[in-house]
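One structure below.
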Ligand code: UD1
Ligand code: UDP
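Residue numbers (our numbering): -6 to 355.
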């Protein structure tokens, strides 16, 4: 079985690392990595290839920093060219970025089977670029790998039982990755010493969603809320380059600790030892849960609704008051994190086995 994996953005490197590890452990599978170039800074891209088990990309498309249409269009064109040469059995895509949609669309038009990891997630907010990308990708995928029952239910509600595709609930490959790198982080990471923090005395926060960064009112409210929280507990923010550029250009005053984006081993360590997570990231909401931390999600909706219904997470939008109230609420909430909402840590193996069965007609 030959798979072309299309990745381009930070969360995809992490997810692909888990699946690549499974591929290496199973015989008869060849994987070729295409890096679209969507993320390109050393600490947004190279660091993950250096420290994780992702094969070196055979193709580096170097497409980034463009409008959505231009970025997706140029990726589509370049991916199509390399698929003509590679003739894989599958194109594998992850999540909901522009790289995801470009990879899936290029493959489907060439009648190459598309496998979508993290299928079926919905925020029900069509203003999010990610919602558009994931709906379109799901619709043209042949194999839809769902991390949760909620994701399966979303697809069923949209009539996917009537479409020609297979839906498989696998658990979440990010859980596979978090388990593996959690152990490594314990042995290797020096980030807590470097930042002079210890267990429970800081909050880990990230901000990068377009709806928060590109709306100055939203961004200012989030920054003011984090400034307030920082006065009671130190807030550490590994800052995404998108947010960094805007904070600098708009001169938004912040009081919390900003650091460069960190590699996954350090990120896992920061998550494992923080007091709480405050974020608008998708992946980090789940990592908070994996490491037994409550989470405040600075968005109106989350795709990971089971975290909210089970009390691990609260959505506040970008309202300064709601974020501060959310922090105060979550600071005293005692949760039992032994529920296994995201599978058993072997989702990646199930994915590759399902793909082999699909090809052999089983
Ligand atoms: C993208 C995804 C988002 C995902 C995020 C993960 C889309 C539509 N969005 O958002 O779903 O959550 O990745 O982090 O695909 N930049 C740099 N250096 C980098 C990467 C980005 O300077 O290494 C700058 C770009 O030049 C651009 C901005 O950050 O100005 C946004 O980058 P882009 O890849 O378009 O979107 P993200 O916000 O990273
Ligand atoms: N992450 C990281 N270093 C950082 C910030 C985030 O390794 O400095 C990880 C984070 O733990 C998560 C992944 O990057 O697993 C994806 O997060 P991001 O917020 O970029 O994307 P999203 O999940 O929102 O699409």
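Glycine is no exception: its CB is placed at the ideal position from the N, C-alpha and C atoms. The structure presented is a predicted model; accordingly, all values stated were derived computationally and were not measured.
Item, Value
"Inter-residue spacing [alpha-carbon to alpha-carbon] between residue 165 and residue 145", "13 Å"
"Residue 250 (DSSP reduced to helix, strand or coil)", "strand"
"Distance between beta carbons of residue 288 and residue 278, contact taken as under 8 Å", "5 Å"
"Outcome for residue 163 when other beta-carbon atoms lying within 10 angstroms are tallied against a minimum of 16", "buried"
"By C-beta, the residues closer than 5 Å to any heavy atom of the ligand UD1, given in chain order", "2, 3, 31, 32, 33, 34, 37, 58, 90, 91, 122, 123, 234, 235"
"Residues that DSSP places opposite residue 245 in a beta bridge", "According to DSSP, which records beta bridges pairwise, residue 245 is partnered with nothing at all."
"Nearest-angstrom Cα separation, counted from residue 259 out to residue 183", "8 Å"
"Sub-7 Å separation of residue 228 and residue 198 beta-carbons", "yes"
"8 Å contact criterion, which residue 108 and residue 348 should meet: CB distance rounded", "6 Å"
"Start-to-end residues for the beta strand (DSSP E) that takes in residue 197", "195 to 199"
"Close-in-space but distant-in-sequence residues of the same chain around residue 281 (CB under 6 Å, 5 per side omitted)", "270, 288"
"DSSP three-state assignment for residue 269, whether helix, strand or coil", "strand"
"Separation of residue 285 from residue 316, as counted between CA atoms", "20 Å"
"Per DSSP, cross-strand counterpart(s) of residue 122", "According to DSSP, which records beta bridges pairwise, residue 122 is partnered with nothing at all."
"Closer than 6 Å: residue 338 CB and nearest the ligand UDP heavy atom", "no"
"Residue 274 CB to nearest heavy atom of the ligand UDP below 6 Å", "yes"
"Identity of the residue in 80, 3, 149 nearest residue 104 by Cα", "80"
"Residue 130 beta carbon less than 7 Å from that of residue 93", "yes"
"Delimiting residues of the alpha helix (DSSP H) encompassing residue -2", "Per DSSP, residue -2 belongs to no alpha helix (DSSP H); it is in the beta strand (DSSP E), -5 to 0."
"Residue ranges of each alpha helix (DSSP H) within the stretch 8 to 85, 4 or longer", "39 to 44, 61 to 79"
"Nearest-angstrom Cβ-Cβ length linking residue -3 and residue 16, presumed shorter than 8 Å", "Not quite, the Cβ-Cβ distance comes to about 12 Å (not below 8 Å), so this is no contact."
"Terminal residues of the alpha helix (DSSP H) in which residue 215 lies", "209 to 225"
"Burial state of residue 116 (16 or more Cβ within 10 Å)", "buried"
"Best match in 97, 50, 47 for proximity to residue 66 [C-alpha to C-alpha]", "97"
"Burial state of residue 18, where buried means 16 or more other Cβ atoms lie within 10 Å", "exposed"
"Closest by C-alpha distance to residue 27, when choosing among 40, 44, 95", "95"
"Of the residues 169, 346, 132, the one placed nearest residue 154, counting alpha carbons only", "132"
"CB contact flag (residue 255, residue 234, <7 Å)", "no"
"Rounded C-alpha distance that separates residue 123 from residue 91", "8 Å"
"Residue 200 CB to nearest heavy atom of the ligand UDP below 6 Å", "no"
"3-residue-minimum beta strand (DSSP E) runs that sit fully inside the stretch 290 to 331, ordered along the chain", "306 to 308"
"Candidates 45, 120, 173, 136: closest to residue 338 by CA position", "173"
"heavy atom of the ligand UDP below 6 Å from residue 277 C-beta", "yes"
"Residue 36 CB to nearest heavy atom of the ligand ZN below 6 Å", "With respect to the ligand ZN, the structure offers nothing, as its ligand set consists of the ligand UD1 and the ligand UDP."
"For residue 54, the nearest candidate out of 60, 45, 46, 64 (CA to CA)", "64"
"Cβ-heavy atom distance, residue 7 to the ligand UDP, below 6 Å", "yes"
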